[in-house]
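Right, one structure below, let's go through it.
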Amino acid sequence: MDATIATLRRNSLDVAAARRRCLGYRRRILDISQQVGALHIAPAFSCTEITDILYNNLMRRETDGGYRDVFLMSKGHGCMIQYVILEEQGVLSRSDLDAYCKPNGRLGAHPDYETPGIAASTGSLGHGLGMATGQAYAEKLKNSDVLIYCVLSDGEFQEGSTWEAMMMAANLKLDNLIAFMDFNDFGGLERMSDGHPAFYPLVPKAESFGWEAVEVDGHDEAAMHEAVMARRGGRPMLLVCRTVKGKGISFMENVPIWHYRSPNKEEYIQGLKELASAPL
Ligand SMILES: Cc1ncc(C[n+]2csc(CCOP(=O)(O)OP(=O)(O)O)c2C)c(N)n1
3 MDATIATLRR NSLDVAAARR RCLGYRRRIL DISQQVGALH IAPAFSCTEI
53 TDILYNNLMR RETDGGYRDV FLMSKGHGCM IQYVILEEQG VLSRSDLDAY
103 CKPNGRLGAH PDYETPGIAA STGSLGHGLG MATGQAYAEK LKNSDVLIYC
153 VLSDGEFQEG STWEAMMMAA NLKLDNLIAF MDFNDFGGLE RMSDGHPAFY
203 PLVPKAESFG WEAVEVDGHD EAAMHEAVMA RRGGRPMLLV CRTVKGKGIS
253 FMENVPIWHY RSPNKEEYIQ GLKELASAPL
């Protein structure tokens, strides 16, 4: 491997720092929600810790500060968390975020690959894992050690294309592909467990498709870190991350309308208060 490349795998995880960062990201998303009429808050809060651990711990960086590994947000409507992390890292600017979903702004409600820091255009659910599979295969063909990380929703497993990608990634033994399923049990406005009971159990199902699979708490970065570090390898890996849609603000948690609604002034202030008093 190229010796000039910093292959810093951050094996240690500062859990308190991660909690502080995630509270900050949630606050920033709430602030942005006051600039626009609708914003996918709950989907972003559901995968805040997942996205944080990927950007701030698991993905390796090059010496120039850019990422060596690739992040692909398949559940495109969760992109607010990606935007605020990219803002913190200086890849996107404050004015980019202030112009979110406004005329002439470059950030829309779903990620666009022409935006700095965004690897793929997503939002049409069910395509991200296929794109990640293709990208992981391309890296294999190049004999590179780049890892492809994909965050996808449980709702995306209603799409046949996700299962096709599961099968293909296993056929190709893509052990450089690690997928995090944001398993909040909501696929749109209904619970997956109500509408799709055949979806369960998830870990044996993924294993029967040839994946290494493990179920973890998707808001517990230490648990996710440990699971990835314990990866056996030789196959693609799926982390089934148990999450709460709208995590962090009591009146948003598991309440379907917060999939896309922006809080009014009172709700915004209440949300800020809850975040301010959240345990670190
Ligand atoms: C192919 C496709 N069908 C329908 C939609 C409309 N849609 C937007 S979000 C969503 C479901 C949200 O549930 P999930 O994907 O599980 O995400 P999360 O609960 O994490 O927000 C749907 C059906 C879409 N974006 N793409």
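Going by the numbering used here, the first residue of the sequence shown is number 3, and it counts up by one from there.
Here a beta-carbon is modelled for each residue, glycine too, at the ideal position from N, C-alpha and C.
| Which residues DSSP lists as bridging residue 263, in chain order | 40
| request: Please state whether DSSP places residue 16 in a helix, a strand or coil. | output: coil
| Which listed residue (184, 229 and 120) has its alpha carbon closest to that of residue 247 | 184
| From residue 68 to residue 263, what does the alpha carbon distance come to, in whole angstroms? | 34 Å
| query | Taking C-beta to C-beta, are residue 171 and residue 135 nearer than 7 Å? | reply | yes
| Start-to-end residues for the beta strand (DSSP E) that takes in residue 183 | 179-185
| CB-CB length for residue 153 against residue 81, believed under 8 Å | About 10 Å; that fails the 8 Å criterion.
| message | So residue 34 and residue 227 are supposed to be a Cβ contact under 8 Å. How far apart are they, rounded? | response | Not quite, the Cβ-Cβ distance comes to about 28 Å (not below 8 Å), so this is no contact.
| said: Spatial neighbours of residue 208 within its chain, please: C-beta separation below 6 Å, excluding the five flanking residues on both sides. | reply: 215 and 240
| query | Is any heavy atom of ligand 3 found at a distance shorter than 6 Å from the C-beta of residue 249? | reply | The model on display carries ligand 1 but not ligand 3.
| query | Mind checking residue 96: buried by the 16 CB within 10 Å criterion, or exposed? | reply | exposed
| request: Could you tell me whether any non-hydrogen atom of ligand 1 is closer than 6 Å to the CB of residue 156? | output: yes
| Using a Cβ-Cβ cut-off of 7 Å (strictly less than) and excluding sequence neighbours within five positions of residue 38, which residues of its own chain qualify? | 102, 103 and 264
| Which of the three DSSP states, helix, strand or coil, is assigned to residue 7? | For residue 7, the pLDDT reaches just 38, beneath the cut-off of 50, and the residue's location in the model is therefore unreliable, although a value from the coordinates is still provided. Reduced to three states, the DSSP call for residue 7 is coil.
| message | Between the segment 210-224 and the segment 155-173, can you find at least three pairs of beta-carbon atoms closer than 8 Å? | response | yes
| message | Could you check whether residue 132 and residue 177 sit closer than 7 Å to each other, using their CB atoms as the reference points? | response | no
| Whose C-alpha, out of 65, 51 and 66, is nearest the C-alpha of residue 59? | 51
| message | Given 6 Å as the limit, tell me if residue 188 has its C-beta closer than that to any heavy atom belonging to ligand 1. | response | yes
| Would you call the CB atoms of residue 53 and residue 31 closer than 7 Å? | no
| Run through DSSP, which three-state label would residue 216 get? | strand
| query | Under the DSSP definition of a beta bridge, which residues are partnered with residue 155? | reply | 184
| At least three beta-carbon pairs within less than 8 Å, the segment 265-275 to the segment 199-207 | no
| request: Pull up the CB-CB distance for residue 150 and residue 138, whole angstroms please, since I reckon it's below 8 Å. | output: 4 Å
| Would DSSP call residue 150 helix, strand or coil? | strand
| field | Assigned secondary structure, residue 244 (DSSP; H/G/I helix, E/B strand, else coil) | value | strand
| In chain order, what residues of the same chain lie with their CB nearer than 8 Å to the CB of residue 157, ignoring the 5 residues before and after it? | 77, 127, 188, 189, 190 and 194
| message | Can you tell me whether residue 79 sits near ligand 1, meaning its C-beta is under 6 Å from at least one heavy atom of the ligand? | response | yes
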